[in-house]
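Just so we're aligned: 293 in our numbering is position 96 of the sequence shown, and the numbers increase by one with no gaps anywhere.
C-beta atoms are modelled at their ideal positions from N, C-alpha and C, and glycine is treated no differently.
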Amino acid sequence: MQRIGCGDGFVNEQWLAGINAGDLESESMNASSLAAGDVQVDIESKIRTLITTTGLEAGAECLDRSDDLFDAGLTSHASVRLMLALEDAFDVEFPDEMLQREYFSSVSAIVGAINSLLEGSGG
């Protein structure tokens, strides 16, 4: 089993293979379900999973919220895949003014952007 990650934490290939677009789509969230409180969601955990599955091979689970994702190995191409995955998973659309590196630079920045988009869509 190949170990991918940093420190004591790792993501194994089987775990990565178990996560696919269908899994993420079935867990898709929207602002109304968040506002209603019907479903307890962990936005940061979902974001970390998406970061790992869309291009940060080291894995996002061992990064601090403020660590720079680009310094950690996220490429510009992977950031586009991440943006598309975030839009699908959270049922949001990033407006043109948010298509900047600062909104995708860290887990914390992405959490803030998603929260802002969810609030703006009625949540």
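Item, Value
"Contact under 9 Å by Cβ, E241 with V304", "yes"
"Simplified DSSP assignment, three categories, for G252", "coil"
"Same chain, Cβ closer than 6 Å to I276, five either side skipped, listed in chain order", "At residue 276 the sequence reads Ser, which differs from the Ile that was named. Counting only Cβ-Cβ distances below 6 Å, and skipping sequence neighbours, we find F301."
"Three or more C-beta pairs below 8 Å linking the region 254–268 and the region 283–297", "no"
"Boundaries (first-last residue) of the alpha helix (DSSP H) holding E284", "273–287"
"CA-to-CA distance, S263 to A330, given in whole angstroms", "Residue 330 is absent from the model: the chain starts at 198 and stops at 320."
"Close Cβ partners of A306 (< 8 Å) along its chain, the five nearest in sequence each way excluded", "E299, Y300"
"Own chain, CB closer than 7 Å to G317, minus 5 neighbours either side, in chain order", "none"
"Local conformation of E321 per DSSP, three classes", "The requested residue 321 is not part of the displayed model; the chain covers only 198 to 320."
"Cβ-Cβ separation, T246 to L279 (assumed contact under 8 Å), whole Å", "At roughly 11 Å, the Cβ-Cβ gap does not stay under 8 Å, so L279 and T246 are not in contact."
"Helix, strand or coil at L314 [DSSP, three-state]", "helix"
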